[in-house]
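Comments concern the structure below.
In this note's numbering, the protein residues as written are 53 to 757.
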């Protein structure tokens, strides 16, 4: 007799569960087995292997390890290649091989009582003594924090773990070890999964108990995290007892109590609907917290807690669908989808990259956005802005001469490594901060900032390529103006400085040996100039990340607002403190970027010496000052020196690599953080057409902005 359900257009035909006692019939031979299951397929290897595996189940003893190994052997048969007959009833011609083989297995168990009894004894015996709680929690991050979860994933990935035969999550991992297996599981037909589950009817008691425990744990975890001060402060303002996070555990407990009482669907429906409404309210609260972070700064720890809450809410919804009374077909489909989701989550659990990218994506986007807002100030549109950029960069070039002078004094002091690096860092950082205070520009800081602004313009532009190309043209000429201003002032200012130095000391700033060494150190082929210039480009990009991170950190902790409301306002006036808070808001990104760049340029060479690595920095403006001082020290003979022109070529390479590497890194990261689709070929073609049609606008702004 077969019981047939019709629900939502899906039909399920299930054979009543067999008795668990010894079968009256003996196991059939291969020919008889093939005739019963799939006529004419006795020679197929998959059918022969299936018959051998089912025969091996019959004498399996009561040892749990032996039963688990027998089940794993069946999993290996299911995943193996080869050919399998297509069962006519319910089969689809293009079904995956594993699905067709599972159909054959189910048909064999439904048809042959001896095999059915043995299978229920082995598989049901494992279900009776194993725990499904760890399986139902697979993929749920704990609430220990991002750092603890990272170290735990590293340990699980690289350290061996003993096998626990009582843990169903480990059995599932052995049955379906790969992403392909998880994908197959998710596509399993509902009726086939229902037929397989019905074979083990009466053996799911431990799994049902674990479902209740998993619901209680998920609800408790959501509630405890949702009621933490960090989440409550950013959630919609409601009394504590009206918070959905507070009510969730009580509603879930009510649903579990009704299930244990064996009530029908109609009686349990109000409690289930109340639970669903509470889960949806929790989701809305999570959305409100994310919106708050978007506006007021991001914390990775808060983002991680939100990730834990969101995943537990998703899991709780699936568990309640299985636990509470409902249509049989829907529950079978939910069970299959949940099982496939558990497998995918188990695989992701070993991925450190998935953990970091998931929980730092929002922070990365906010850092890039803040860097992009700063970058907009470096993009000129009009001729007036273009002229102001050259003037501002000229001031930066002038200050760089003093920075170069102090740099060589620190190096020539032969100080201990850390002291040398610290003073070099202070020199760079103080110089860059002074540039910011005076409104001057350093050309090499622009690319990483303007790239973030460009990525922001690409987001959602669609077909408006002309606007993007116009922005690229503005970035190019702005960068050119900054470079011309920096180098155009740095070269004559260096010569003037050397003349003044000669006047007061009687000798040039560089002696002949130092000048010769400077020329040789900039040679593009006989030194590490190319690598060091690219490394400096990376450091320039890192400084832009530091700038965005510092501003996000201060915004998240509302530092500017705290300054505006500080008690000092009683002495200096509330207006003064508000002005200081506004100034800090506008200048904090620059302060973070300048200080971080200064310490990166100063400490990386020292770190290289400490580790025995040949690490140096090649900053185009600082190096141009150094080359100019060397030429001035050598006098007219410098223009006949064999190392001058290679060193000049090295300066050009430095500029290209400083700008190119930092711009490329910033643009790539910004596009990923803002989820910009890559359309590089179309954009490149549009830029090329604009260059051919109007090349001048990439070097000088047109009359009309």
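Positions of the beta carbon are idealized from the N, C-alpha and C atoms, including for glycine.
Cutoff 6 Å; reference residue i; Cβ partners in own chain excluding five residues on either side
i           : result
residue 642 : 488
residue 755 : none
residue 390 : 370
residue 141 : Residue confidence for residue 141 is low, a pLDDT of 44 falling below 50, so the modelled location carries little weight and cannot support an answer.
residue 221 : 186, 187 and 190
residue 71  : Bear in mind that a pLDDT of 45 at residue 71, under 50, signals an unreliable position, so the model cannot answer this.
residue 740 : none
residue 601 : 419
residue 562 : 681, 682 and 685
residue 493 : 444, 445, 448 and 534
residue 318 : none
residue 485 : 646
residue 279 : 297
residue 76  : Per-residue confidence for residue 76 stands at a pLDDT of 41, beneath the threshold of 50, marking its modelled position as unreliable; no derived number is given.
residue 273 : 364
Cβ distance (whole Å) where residue i is taken to contact residue j below 8 Å
i           : j           : result
residue 119 : residue 174 : 5 Å
residue 234 : residue 395 : 4 Å
residue 362 : residue 338 : 6 Å
residue 648 : residue 595 : 5 Å
residue 652 : residue 591 : 4 Å
residue 130 : residue 122 : The pair is not a contact, with the Cβ atoms about 13 Å apart (cut-off 8 Å).
residue 441 : residue 537 : 7 Å
residue 663 : residue 656 : Not really, about 11 Å apart at Cβ, beyond 8 Å.
residue 255 : residue 127 : At roughly 18 Å, the Cβ-Cβ gap does not stay under 8 Å, so residue 255 and residue 127 are not in contact.
residue 495 : residue 750 : In fact, because the Cβ distance is near 16 Å, the residues do not count as touching under 8 Å.
residue 584 : residue 670 : 4 Å
Extent of the continuous alpha helix (DSSP H) run through residue i
i           : result
residue 488 : 469 to 490
residue 258 : 257 to 278
residue 573 : 564 to 573
residue 369 : 352 to 375
residue 612 : 611 to 616
residue 431 : No alpha helix (DSSP H) contains residue 431, which DSSP labels as neither H nor E.
residue 383 : 380 to 400
residue 165 : 165 to 181
residue 110 : Residue 110 -> no alpha helix (DSSP H), and no H or E assigned at all.
residue 246 : 242 to 251
residue 596 : 581 to 608
residue 630 : 626 to 663
residue 234 : 231 to 238
residue 296 : 296 to 312
residue 281 : 281 to 284
residue 749 : First-last for residue 749: undefined, no H or E at that position.
residue 403 : Premise fails: residue 403 is in no alpha helix (DSSP H) and is neither H nor E.
residue 186 : 185 to 188
residue 226 : 220 to 227
residue 678 : 672 to 686
Neighbourhood of residue i by C-beta, 8 Å cutoff - its chain only, sequence neighbours within 5 removed
i           : result
residue 738 : 517, 518, 520 and 521
residue 438 : 432, 529, 530, 533, 752 and 753
residue 231 : 396 and 399
residue 639 : 488
residue 311 : 264, 320, 375, 376 and 377
residue 387 : 245, 249 and 374
residue 743 : 750
residue 308 : 264, 267, 268 and 375
Residue j beta carbon less than 8 Å from that of residue i
i           : j           : result
residue 202 : residue 407 : yes
residue 300 : residue 334 : yes
residue 479 : residue 463 : no
residue 213 : residue 402 : no
residue 298 : residue 276 : no
residue 368 : residue 471 : no
residue 236 : residue 313 : no
residue 696 : residue 571 : yes
residue 498 : residue 608 : no
residue 289 : residue 354 : no
residue 581 : residue 706 : yes
Own chain partners of residue i with C-beta closer than 7 Å, once the 5 adjacent residues on each side are dropped
i           : result
residue 703 : 574, 672, 675, 676 and 679
residue 163 : 88 and 89
Residue i at chain C interface by Cβ criterion, 8 Å
i           : result
residue 582 : Considering every chain present, this structure includes no chain C. It has just one protein chain.
Review point. Which parts of the stretch 80 to 132 are runs of the alpha helix (DSSP H), unbroken and 4 residues or longer, counting only runs that do not cross its ends?
Key: 82 to 89, 97 to 109 and 116 to 131
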